[in-house]
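Novice:
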């Protein structure tokens, strides 16, 4: 999946990502970077709204896992189960979220559990930056669930 | 501050709240309820996007503290420092966030610390519901900071 394809997928399926004008800067196997501009994501202090920051974090972490799953031809339902945000510094311009697996998250075990049980959990994180400075940390636990195969009588 | 005034304040100052079409259902001293419709807050599964849910949670908790501060004539900068979301069930329609102080949060101690030091922290939470069912819990720690008084030489 190319950055442009992912951007269009997000904008088409998650209207909030379009309202935030989320862009896809980078997709690698181990790392995915989303970004968003200032104007649609402001708060009343003229800095980036905490809700926008948390949303870019969950989108980046979700997209990292989603693109890795697609690459392995796993088409499942992937949803966030719990998440946390640490706001470390205000952001006052374009901001990015760089997603990776969380420390200790094991992709191979995640895939083995998914194939064995049709359901598995994994933790991912996203570090937020603005103007070259680290500004926040998102961590999230996601659940992949095999989608029921719909069979139609012919 | 009336529900309508708060809604306009949010829409004017936090563009994401307008994109989500956030409404203000109730403002009481101890409880504040925000809501949002489905269409602008969908994900690719046809349910409410986790980022929208987390954003309604942080907005409701922030707005509860903000309106209480305004009521006590305290005009400060109020920002979220850390937050967590537990997603308990998918939401598939209009959703609400009902904010209260977190268990153990003491408003009088918060105000005393603010007046003594010009800075204080307090925890608030927001329970999310959709179609009459509880669906998620947001918890957040907020910091109130006295704003520097700007004096201009005449």
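Protein chains in written order, with my numbering: chain C, -9 to 144; chain D, -9 to 144. Idealized CB from N, CA, C, for every residue including glycine.
(1) Smallest Cα separation from residue 72(C): which of 35(D), 62(D), 90(D), 127(D)?
(2) Answer with yes or no whether the minimum CB distance from residue -4(D) to chain C is below 8 Å.
(3) Start and end of the beta strand (DSSP E) containing residue 86(C)?
(4) Report buried or exposed for residue 25(C), applying the criterion of at least 16 other Cβ atoms within 10 angstroms of its Cβ.
(5) Check each candidate in 0(D), 122(D), 121(D), 82(D) and name the one with the smallest Cα separation from residue 54(D).
(6) If you draw a straight line from the C-alpha of residue 144(D) to the C-alpha of residue 138(D), how long is it?
(7) Quick one: which chain D residues come within Cβ less than 9 Å of residue 72(C)?
(8) Which residue marks the beginning of the beta strand (DSSP E) containing residue 48(D), and which one marks its end?
(9) Leaving aside the five residues before and after residue 7(D) along the sequence, list all residues of the same chain whose C-beta is less than 7 Å from its C-beta, in chain order.
(10) Any idea if residue 105(C) is buried or exposed, counting beta-carbon neighbours within 10 angstroms, 16 or more meaning buried?
(11) When DSSP labels each residue in this structure, what does residue 7(D) get in the three-state scheme?
(12) Assuming residue 114(D) and residue 134(D) form a contact by the criterion Cβ under 8 Å, report the distance between their Cβ atoms to the nearest whole angstrom.
(13) To which residues of the same chain is residue 83(D) closer than 6 Å at the C-beta, ignoring the five residues directly before and after it?
(14) In the DSSP assignment, what are the bridge partners of residue 75(C)?
(15) Compile a chain-ordered list of the residues in the segment 22 to 44 of chain C whose CB is closer than 8 Å to at least one CB of chain D.
(16) Identify the continuous beta strand (DSSP E) that holds residue 107(D) and give its terminal residues.
(17) Can you tell me where the beta strand (DSSP E) with residue 23(C) in it begins and where it stops?
(18) With which residues is residue 120(C) paired in a DSSP beta bridge?
(19) Can you give the Cα-Cα distance for residue -5(C) and residue 130(C), rounded to whole angstroms?
(20) Does residue 138(C) come out as helix, strand or coil in the three-state DSSP assignment?
(21) Within 8 Å (strictly less), CB to CB, does residue 144(D) reach chain C?
(22) Using the Cα positions of residue 95(D) and residue 107(C), report the straight-line distance between them to the nearest angstrom.
(23) From 66(C), 75(C), 59(C), 64(C), pick the residue whose C-alpha is nearest to that of residue 69(D); which is it?
(24) Got a sec: is the Cβ-Cβ distance from residue -7(D) to anything in chain C below 8 Å?
(25) Using the beta-carbon count (16 or more within 10 Å), is residue -8(C) buried or exposed?
(26) Which two residues bound the contiguous beta strand (DSSP E) that contains residue 13(C)?
(27) Tell me the rounded alpha-carbon separation between residue 58(C) and residue 13(D).
(28) Show which residues of chain C have a CB atom less than 9 Å away from the CB atom of residue 118(D).
(29) Report buried or exposed for residue -2(C), applying the criterion of at least 16 other Cβ atoms within 10 angstroms of its Cβ.
Specialist: According to the structure data:
(1) With distances taken between CA atoms, residue 72(C) lies nearest to 127(D) out of 35(D), 62(D), 90(D), 127(D).
(2) Answer no: the Cβ-Cβ gap between residue -4(D) and chain C never drops below 8 Å.
(3) 85 to 91 is the extent of the beta strand (DSSP E) around residue 86(C).
(4) Sixteen is the threshold: when 16 or more other Cβ atoms of the shown chains lie within 10 Å of the Cβ of residue 25(C), as they do, the residue is buried.
(5) Nearest C-alpha to residue 54(D): 0(D).
(6) The predicted model places residue 144(D) with a pLDDT of 48, which falls under 50 and marks its position as unreliable; any figure quoted below should be read in that light. Rounded to the nearest angstrom, the gap between the Cα atoms of residue 144(D) and residue 138(D) is 18 Å.
(7) What residue 72(C) touches in chain D: 74, 75, 76, 77.
(8) Membership of residue 48(D) in any beta strand (DSSP E) is not indicated; the residue belongs instead to the alpha helix (DSSP H) covering 40 to 61.
(9) Answer for residue 7(D): 0, 1, 49, listed in chain order.
(10) When all chains shown are included, residue 105(C) counts as exposed.
(11) In the three-state scheme derived from DSSP, where H, G and I count as helix and E and B as strand, residue 7(D) is classed as helix.
(12) Approximately 12 Å separates the beta-carbon atoms of residue 114(D) and residue 134(D); this is outside 8 Å, ruling out the contact.
(13) Cβ neighbours of residue 83(D) beyond the five flanking positions: 28, 120, 121.
(14) The partner list for residue 75(C) (beta bridge, DSSP) reads 128(C), 73(D).
(15) Those residues of the segment 22 to 44 of chain C placed with their C-beta closer than 8 Å to a C-beta in chain D are 29, 30, 31, 32, 33, 34, 35, 39, 40, 41, 42, 44, ordered along the chain.
(16) That residue, residue 107(D), is in no beta strand (DSSP E); its alpha helix (DSSP H) goes 97 to 107.
(17) First-last of the beta strand (DSSP E) with residue 23(C): 22 to 26.
(18) When DSSP reads this structure, residue 120(C) sits in a beta bridge with 85(C), 123(C).
(19) Near 24 Å, if we compare the C-alpha coordinates of residue 130(C) and residue -5(C).
(20) Residue state, collapsed to three classes: coil.
(21) Unreliable placement is indicated for residue 144(D), whose pLDDT of 48 sits below 50; no coordinate value is reported for it.
(22) The alpha-carbon atoms of residue 95(D) and residue 107(C) are separated by roughly 42 Å.
(23) Closest by alpha carbon: 75(C).
(24) At a cut-off of 8 Å between C-beta atoms, residue -7(D) does not count as an interface residue with respect to chain C.
(25) By the Cβ-count criterion, residue -8(C) is exposed, with fewer than 16 other Cβ atoms from all chains shown falling within 10 Å of its own Cβ.
(26) Taken as a continuous stretch (DSSP letters only), the beta strand (DSSP E) holding residue 13(C) covers 13 to 17.
(27) The alpha-carbon atoms of residue 58(C) and residue 13(D) are separated by roughly 37 Å.
(28) Within chain C, no C-beta atom comes less than 9 Å from the C-beta of residue 118(D); the nearest is roughly 13 Å away.
(29) It counts as exposed.
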